[in-house]
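Asker: First the structure, which I've put down as structure tokens, then a few questions once you've had a look.
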């Protein structure tokens with residue numbers, strides 16, 4: 064998509080001091096030369112970038128980060144095949160014309176463009192307090208780095224824009240892609256800049272903004288992905304010094320009544336009480352035939368991101384996270400979905416994002432947990448084990464203790480690696496991390512080939528071509544529209 068269409072869709076948001084969360088109300092976006100003249104306009108522009116993150120996480124982004132993995136699939140409905148392109152992501156049957164892949168590309172580059180406008184223009188705006196200017200700049204750089212981190216893991220080499228694209232003629236028109244190393248160099252620099260300028264916390268009126276802890280976590284995640292384990296340990300360790308702690312009850316990490324809690328490092332903000340600010344996760348993820356029973360309205364739910372038997376069985380006996388993460392829906396109407404039934408005629412769904420009652424159809428109130436302290440502890444344990452430094456058991460066992468599990472000790476490095484990986488899978492199940500974990504650890508082909516064989520044995524609807532996982536499919540194709548309009552070279556194999 065040419066940038067002129069992205070520019071038309073960019074929104075700005077304002078923040079209300081009476082709200083105890085980051086309040087993101089949409090305004091028309093303007094990149095005109097006469098717009099960035101005072102602090103208030105910059106603030107609205109920064110809040111607009113957060114708005115774009117809202118849109119990302121209420122789109123089908125989860126299909127490319129979670130449903131593509133062994134954690135979830137979909138509820139097959141032979142009477143409604145409108146979501147077939149989404150289902151093809153689950154089965155590794157997509158093409159470069161897949162609409163959901165294109166939407167993710169457009170959303171992430173739209174976020175980057177809006178961040179670039181702020182970064183390019185903020186120096187021309189007078190600020191009474193230099194710290195506020197640096198904070199806004201740090202927020203924009205954090206979100207730009209965060210967006211490119213998603214893009215580079217999903218697509219590999221891609222266009223790298225670090226300055227505002229002022230008109231469509233500058234948008235990808237040379238078709239040039241930066242190397243993966245070049246993209247990561249830019250991400251690391253942005254994350255370091257964000258660490259230097261972001262505060263460790265905010266007053267109640269500004270909760271939900273990116274913090275120093277979020278930037279340290281992002282940088283640690285990048286280094287872990289790059290297998291720079293010592294650097295990952297350093298950055299994750301910094302997060303442990305910033306006052307985060309595990310919530311006593313795992314379920315409270317996802318409850319609308321405990322947003323931005325002591326465990327929250329970074330979460331996407333939603334507010335059901337504000338028009339256009341609500342989330343909608345149960346409406347996308349709940350069993351199709353469960354709408355009246357679960358949310359009290361007629362019609363169908365999405366039936367997407369349905370937990371697999373693989374993830375359900377991954378929890379150890381006595382792990383209290385399973386029943387707080389997954390619920391099994393029982394209803395006579397389940398018999399109409401024989402290709403989705405498991406667990407004795409019950410259909411599982413993600414309980415993490417189900418908190419009734421729902422006063423309005425289509426609207427829910429959960430935030431999306433991007434980084435939690437429990438996850439940070441497990442990423443730190445992974446980095447420590449790989450680097451051969453520190454005490455990975457201490458961090459691993461803190462998470463296991465809350466889950467009601469016994470501590471681990473005395474394992475070999477390889478056995479500990481597997482234990483940490485298993486712990487990560489169940490701790491952050493359905494939070495859009497599983498596909499990245501499989502890529503990072505080099506397990507994607509092995510795990511997904513085995514998962515595909517199990518799914519084809521279980522589900523007769525799957526064709527022989529399903530789950531034919533080749534190395535080139537570890538990256539998504541560049542959307543065909545971008546190739547045709549902007550001349551971007553397709554990824555190998557596609």
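Residue numbers (this note's numbering): 64 to 557. All residues carry an ideal CB built from backbone N, CA and C; glycine is no exception. Since the model is a prediction, treat every value here as computed from it, not as a measurement.
(1) Got a sec? Which residues, its chain only, sit under 8 angstroms from residue 243 by beta carbon, not counting five neighbours each side?
(2) In this structure, how does DSSP classify residue 263 when only helix, strand and coil are distinguished?
(3) Just tell me which of 99, 255 and 434 has its CA closest to the CA of residue 189.
(4) For residue 396, which residues from the same chain have a beta carbon less than 7 angstroms from its beta carbon, with the 5 sequence-adjacent residues on both sides left out?
(5) Do residue 466 and residue 313 come within 8 angstroms of each other at the CB atom, strictly closer than that value?
(6) Given a cut-off of 8 angstroms, decide if residue 426 and residue 554 are closer than it, judged by their beta-carbon atoms.
(7) Within this structure, are the beta carbons of residue 212 and residue 250 separated by less than 8 angstroms?
(8) My output table needs one value for residue 546: the three-state DSSP class, helix, strand or coil.
(9) Assuming residue 247 and residue 289 make a contact with CB atoms under 8 angstroms, what is their CB distance in whole Å?
(10) Three-state secondary structure (DSSP) at residue 168?
(11) Under a Cβ-count criterion, where at least 16 other Cβ atoms within 10 Å of its own Cβ denotes burial, should residue 359 be classed as buried or exposed?
(12) Could you give the distance in angstroms between the alpha-carbon of residue 179 and the alpha-carbon of residue 279?
(13) For residue 22, name the three-state secondary structure that DSSP assigns.
(14) Go through its chain and collect everything with a Cβ distance to residue 264's Cβ below 7 angstroms, but skip five positions before and after it.
(15) So what does DSSP say about residue 341, is it helix, strand or coil?
(16) Give the secondary structure of residue 162 by DSSP, where H, G and I count as helix, E and B as strand, and everything else as coil.
(17) Residue 142: which of 401, 435, 373 and 119 sits nearest, CA to CA?
(18) So which of 345, 541 and 292 has the shortest CA-CA distance to residue 455?
(19) Can you tell me whether DSSP reads residue 357 as helix, strand or coil?
(20) When DSSP labels each residue in this structure, what does residue 103 get in the three-state scheme?
(21) At what residues does the beta strand (DSSP E) containing residue 455 begin and finish?
(22) Under DSSP, the alpha helix (DSSP H) around residue 530 begins and ends at which residues?
(23) For residue 151, collect the residues of the same chain with a Cβ closer than 6 angstroms to its Cβ; drop the 5 residues on either side in sequence, then sort them by chain order.
(24) Can you check the region 196-255 for any alpha helix (DSSP H) of at least 4 residues that lies completely inside it and give the ranges in chain order?
(25) Helix, strand or coil: how does DSSP classify residue 407 here?
(26) Closest by CA to residue 570, which one among 510, 327 and 517?
Answerer: Answer, in terms of the structure:
(1) Here the question's residue 243 lines up with position 180 in the chain shown. The beta carbon of residue 243 sits closer than 8 angstroms to those of 215, 219 and 220, all from its chain and outside the five residues before and after it, given in chain order.
(2) The sequence position of residue 263 within the chain shown is 200, counting from 1. Looking at residue 263 - three-state DSSP - the assignment turns out to be coil, as it is neither helix nor strand.
(3) On the chain shown, residue 189 is found 126 positions in, with the first residue counted as 1. Just measuring C-alpha positions, the residue of 99, 255 and 434 sitting nearest residue 189 is 99.
(4) For the purposes of this step, residue 396 is taken as residue 333 along the chain shown, with counting starting at 1. Here the set comprises 352.
(5) Locating residue 313 in the chain shown gives position 250, counting from the first residue. Locating residue 466 in the chain shown gives position 403, counting from the first residue. Closer than 8 angstroms, so yes.
(6) Taking the chain shown and counting its residues from 1, one reaches residue 554 at position 491. Taking the chain shown and counting its residues from 1, one reaches residue 426 at position 363. No, the Cβ-Cβ distance between residue 554 and residue 426 is not below 8 angstroms.
(7) Taking the chain shown and counting its residues from 1, the one referred to as residue 212 is at position 149. Taking the chain shown and counting its residues from 1, the one referred to as residue 250 is at position 187. It is a contact, given that the beta carbons lie within the stated cut-off.
(8) On the chain shown, position 483 is the one that residue 546 refers to. Of the three classes helix, strand and coil, the one that applies to residue 546 here is helix, per DSSP.
(9) Within the chain shown, residue 247 is the residue found at index 184, counting from 1. Within the chain shown, residue 289 is the residue found at index 226, counting from 1. The Cβ separation is near 6 angstroms, so the contact holds.
(10) Locating residue 168 in the chain shown gives position 105, counting from the first residue. Of the three classes helix, strand and coil, the one that applies to residue 168 here is helix, per DSSP.
(11) For the purposes of this step, residue 359 is taken as residue 296 along the chain shown, with counting starting at 1. The C-beta of residue 359 has fewer than 16 other C-beta atoms within 10 Å across all chains shown, which makes the residue exposed.
(12) Locating residue 179 in the chain shown gives position 116, counting from the first residue. Locating residue 279 in the chain shown gives position 216, counting from the first residue. Counting only the Cα atoms, residue 279 lies some 21 angstroms from residue 179.
(13) For residue 22 there is no data in the structure shown, the boundaries of the chain being 64 and 557.
(14) Sequence index remark: in the chain shown, residue 264 carries index 201 (1-based). Same-chain partners within the cutoff: 274.
(15) Counting from 1 along the chain shown, the entry for residue 341 is found at position 278. If DSSP states are grouped into helix, strand and coil, residue 341 belongs with coil.
(16) Taking the first residue of the chain shown as 1, we reach residue 162 at position 99. Note: residue 162 maps to helix in three-state DSSP.
(17) Here residue 142 refers to the residue found at position 79 when the chain shown is read from its first residue. Minimum Cα distance to residue 142 is reached at 401.
(18) The residue you call residue 455 lines up with position 392 of the chain shown. Out of 345, 541 and 292, the CA that lies nearest to the CA of residue 455 is found in 292.
(19) What you label residue 357 is simply residue 294 of the chain shown in a count that begins at 1. When DSSP states are grouped into helix, strand and coil, residue 357 belongs to the helix group.
(20) Walking along the chain shown from the start, residue 103 turns up at place 40. Collapsing the DSSP output to three states places residue 103 in a helix.
(21) Residue 455 sits at position 392 when you count from the first residue of the chain shown. Per DSSP, residue 455 belongs to no beta strand (DSSP E); it is in the alpha helix (DSSP H), 455-465.
(22) Numbered from its first residue, the chain shown carries residue 530 at position 467. No alpha helix (DSSP H) holds residue 530; DSSP gives it neither H nor E.
(23) The sequence position of residue 151 within the chain shown is 88, counting from 1. Cβ neighbours of residue 151 beyond the five flanking positions: 157.
(24) As far as the region 196-255 is concerned, it has no whole alpha helix (DSSP H) run of at least 4 residues.
(25) As a working mapping, residue 407 is identified with position 344 in the chain shown. Here residue 407 sits in coil by DSSP.
(26) Residue coverage of the chain in this structure runs from 64 to 557, which leaves residue 570 outside it and unanswerable.
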